[in-house]
Structure formats: C-alpha cells, structure tokens
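J.: Here it is, the structure in full.
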C-alpha cells in the first residue's frame, strides 16, 4: 500500500462515478471477458468469470477510494487489453504464432488483477 493518501493518485473523472459496487463488478466481468480471449491466444485455459460471492462482498465492503482506485486500474487494464488484443489479432490474420506475446500480455493482466484484489482486500479505512 502506498504511504501517501490516495487522493493525489485518483483522477476526479469517470473513475469516481464507476466506484459503485455494481458498476465496478460489471467492469471486472468485462475485463475478465477480454482475459478469456487472451487466454485462448496464449494457449492457456480460461479462468471462470465470477464476480459475485466473496469477491462481490469484498467490493461492497471496500471504501469508496478503494473502489475508485480499482475502477481506474480496471479501465487502464481494459485499454491495455484492447490494444494488445488488436495487435494479437493482426498476428493471427498474418498466420503468426500468438502464444508468446499473448503470454506476456497475460502476465501483465495477471499482475494488474492481483494489484486490484490487494487494494480491495486492504483494510477499508477512510483516508485522513
């Protein structure tokens, strides 16, 4: 967790509006849909896409700044995935193997997802 309060690193635009638990859950489901397509290109088994149950409860319990930070990160990650999948689509149309570059993108997604979960699981205290 950063030593600075979260306000300076949060944008004051759409990410704060996307911090509602339902909207954040939908964004994470969409991100995992992109990840499923990426897993196929990386020749990995897709992971189940369930943002309910325990993770849904974690999202609801999270402080608004935590949800805002995760929403901002999810939007950044979705942009990364969109451009990466477009580039991988070009390789596919050329008949080239996509497994190595797709695996690199998968690792980036996996690290970003782990960071988002860590933010949500941190103690939900309001910043000072």
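Numbering (our numbering), first residue to last: 39 to 166.
Yeah, the Cβ is synthetic: ideal placement off N, Cα and C, and Gly gets one too.
The model shown is predicted, which means the values in this text are computed figures rather than measured ones.
(1) Along the chain, where does the alpha helix (DSSP H) containing residue 110 start, and where does it finish?
(2) Pick helix, strand or coil for residue 151, following the three-state DSSP scheme.
(3) Drop a sphere of 10 angstroms on the beta-carbon of residue 62, count the other beta-carbons inside from all chains shown, and report buried for 16 or more, exposed for fewer.
(4) If we count the other Cβ atoms within 10 Å of its Cβ and call it buried at 16 or more, is residue 108 buried or exposed?
(5) I'd like to know whether the C-beta atoms of residue 79 and residue 136 end up nearer to each other than 7 Å.
(6) At a cut of 8 Å, does the region 115-132 reach the region 93-106 through at least three beta carbon pairs?
(7) Less than 8 Å between C-beta atoms, sequence neighbours within five positions excluded: which residues of the same chain meet that for residue 58?
(8) How would you call residue 160, buried or exposed, if buried means at least 16 neighbouring beta carbons within 10 angstroms?
(9) For residue 67, count the other beta carbons within 10 Å of its own beta carbon; 16 or more makes it buried, fewer makes it exposed. Which is it?
(10) Can you tell me the Cα-Cα spacing of residue 150 and residue 71, whole angstroms?
(11) In three-state terms, what does DSSP make of residue 134?
(12) Do residue 126 and residue 138 come within 7 Å of each other at the CB atom, strictly closer than that value?
T.: So, from the listed chains and residues:
(1) Taken as a continuous stretch (DSSP letters only), the alpha helix (DSSP H) holding residue 110 covers 102-131.
(2) DSSP, read as helix, strand or coil, puts residue 151 in helix.
(3) It counts as buried.
(4) By the neighbour-count definition (other C-beta atoms within 10 Å, threshold 16), residue 108 is a buried residue.
(5) Between residue 79 and residue 136, the CB-CB gap stays under 7 Å.
(6) Between the region 115-132 and the region 93-106 there are fewer than three C-beta pairs closer than 8 Å, too few to call the two in contact.
(7) 105.
(8) In summary, residue 160 is exposed, with fewer than 16 beta-carbon neighbours lying within 10 Å of its beta-carbon over all protein chains present.
(9) When all chains shown are included, residue 67 counts as exposed.
(10) Cα to Cα, the separation comes out at about 15 Å.
(11) The three-state reading of DSSP puts residue 134 in coil, since its state is none of H, G, I, E or B.
(12) No. Outside cutoff.
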